[in-house]
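Note sheet for the following structure.
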Amino acid sequence: MTAVLSAVAPVAHARPIVQGDDVTWDLSGYFKNFASVTYVDEIYRDLNLRNQNTFWDNASRARVRSDLRLGDPIDIAAHYEISYTYGDTRRATAAAEDLAARLPGGDALLEALFPEAAPSRLFDLSREDTDDDWILRHGFDRLFIRYRQGPTDLTLGRAAITWGPGYFWNPTDYFAPFSPTEIDKEEKVGVDMARVYLSLPHTISLDMIAAPVRRTDGVDNIDYDRSGAAARASINAMQFDWAVSGGYLYDKSVVGFDIAGPAWQAGLRAAATYTQPDDLGDKFETDPYVRAVVNVDYAFAWRWNPYVLGEYHYNGLGKDDPEDYGELLQQEAVQRASSRGEVVNAGRHYAAFNITLQPHPLWTTSDSLIVNFSDGSVFYQTFAAWSILQSLDLQFGANLTFGPVPSEFGGYELPLNGKSYGAPDSGFAYLKYYW
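If you number the sequence shown the way the numbering used here does, the last residue is 611 and the count never jumps.
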């Protein structure tokens, strides 16, 4: 699992390749390396996948950003990324793939042990090469043209979309939301879309998005039934930002509301959604559900600049009894959402807390806690970030889990052998260099 809050990123200085009155072309980018050690209990020994309890892994990423501006109205962006991941997790995954091919229902076991998620997209702009020890991926995560004229802002291509005021959870962030345990929230995954943003009088704005996806049945065409489209209208009034939103998102209809603004020198935010899943003839149907979040944060004018945040999340999709988690995860709608990378939590009531300190101008510490009140389990993450240079940052941290078995963060029982296993704990070092 990964951490919740990342430190302030080093400053990235774009390098102007062309700089003129009508044309500006900048190049920038970064290199990131995430090294981790994870304690994984006895499950991989018991399944004869790896004869070890400690996994050592490394993931390296390099990204090049090309941003071209043609006068005031037109921007063209192309961000290319290459990643190389290797280590014990990949070796165990390769062994699990071989095992799954020989077992009835092996694909379900493989997905449970090594879940993979990818956003629903229209274009395939990436390539992948794999071996038993490593995975190499490369492709475009941003590729779009943007046109601005007066109150109208048009975007066409692969870009990022962020809605909603939540921090750990964000119900009204409909497209590729971050996980509550995500360590690096610098850049969201790009979505293939057509977007129209209108700035209207009286601080009113209207944001409309169509996100088509490609069919998965071998027909090379848009899947009109499983694509996404949503809109968001917002207004600033009484020092608060108010918004209503809704749309059809791949296999469900959603309506939502959110608000954000100051309250007694603190920040106050809230959001709620109502979701109606499609009737697709699933074996295990998913009932309509509500998700909601409320958070408050405050920055103290004290020594070490303490910042605190607390958030409550109601997850109507989840269960009150951890014994029912397996039933939830069997629902096809939940499996589809998980495969798209959407946030899927098993419990119903959550609270999360974060405190960030700056004991030195070059050092930042962060401690975050996520509590699942439905089963009593806890996820705890801590790290320290050192700003070595203006463009170089290094983080050290750990992710720890606590709770009974079965529970979301405590552990689970494997139906294949009836044995119980604890959730993994990990430590990491994260190096980030920007240019």
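Glycine is no exception: its CB is placed at the ideal position from the N, C-alpha and C atoms.
Residues near residue i in its chain [Cβ-Cβ closer than 6 Å; skip 5 each side]
i: E257; result: R239 and D317
i: A268; result: Y220, L225 and R226
i: K595; result: none
i: D473; result: G443 and L485
i: W480; result: L533, Q534 and P535
i: R241; result: S204, G205 and H255
i: F416; result: I435 and G437
i: F578; result: V554
i: T214; result: F231, P600 and S602
Those residues which DSSP pairs with residue i across a bridge
i: K428; result: P453
i: T392; result: None, per the DSSP bridge assignment.
i: E257; result: R239 and G315
i: D368; result: R334
i: V420; result: A409 and F433
i: Y597; result: Y588
i: D195; result: Note that residue 195 is Gln in the sequence shown, not Asp. Paired residues: T200.
Residue i burial status per 10 Å Cβ neighbour count (16 or more: buried)
i: Q618; result: Residue 618 lies beyond the residue range present for the chain, which begins at 177 and ends at 611; the question has no answer from this structure.
i: R408; result: buried
i: W345; result: buried
i: L565; result: exposed
i: K459; result: exposed
i: D497; result: exposed
i: V199; result: exposed
i: D434; result: buried
i: N575; result: buried
i: Q195; result: exposed
i: K428; result: buried
i: A387; result: buried
i: E487; result: buried
i: L279; result: exposed
i: W339; result: buried
i: S585; result: Ser is not the amino acid found at residue 585; the sequence shown has Phe there. Classification of F585: buried, given that the 10 Å Cβ count is 16 or more.
i: Y400; result: exposed
i: S375; result: exposed
i: T265; result: buried
i: V395; result: exposed
i: A561; result: buried
i: G457; result: exposed
i: T540; result: buried
i: Q228; result: exposed
Helix, strand or coil at residue i according to DSSP, with G and I counted as helix
i: D222; result: helix
i: A477; result: coil
i: D329; result: strand
i: A446; result: strand
i: E589; result: strand
i: T540; result: strand
i: G404; result: strand
i: D500; result: helix
i: A560; result: strand
i: D274; result: helix
i: E518; result: coil
i: V510; result: helix
i: A605; result: strand
i: D458; result: coil
i: T306; result: strand
i: L136; result: Outside the modelled stretch of the chain, which goes from 177 to 611, sits residue 136, for which no answer is possible.
i: R524; result: coil
i: E287; result: helix
i: A352; result: coil
i: D264; result: helix
i: T577; result: strand
i: T230; result: strand
i: L505; result: helix
i: T532; result: strand
i: T379; result: coil
Same chain only: Cβ atoms within 7 Å of residue i, ignoring 5 sequence neighbours per side
i: L181; result: Bear in mind that a pLDDT of 41 at L181, under 50, signals an unreliable position, so the model cannot answer this.
i: V519; result: W345, P353, S355 and P356
i: A293; result: S514, S515, R516 and G517
i: D222; result: N593 and K595
i: Y343; result: N471, L485 and E487
i: D309; result: Y262, R266 and R267
Residue i: CB within 7 Å of a non-hydrogen atom of the ligand HEM
i: R524; result: Of the ligands one can find in the structure shown there are none, so the ligand HEM has no counterpart to examine.
Cβ neighbours of residue i in the same chain (closer than 8 Å, five flanking residues each side left out)
i: L504; result: L493, G494, K495, V510 and A522
Task: Three-pair Cβ contact test at 8 Å for the segment 441-461 versus the segment 369-376 - done: Not touching, per the Cβ criterion.
TODO: Decide yes or no for the touch test of the segment 354-361 against the segment 321-331: beta carbon pairs closer than 8 Å, at least 3 of them.
DONE: no
- [ ] Count the C-beta pairs between the segment 458-472 and the segment 483-494 that are closer than 8 Å, then say yes if the count reaches three, no if not.
- [x] yes
Task: Contact between the segment 240-256 and the segment 199-209 (3+ Cβ pairs under 8 Å) - done: yes
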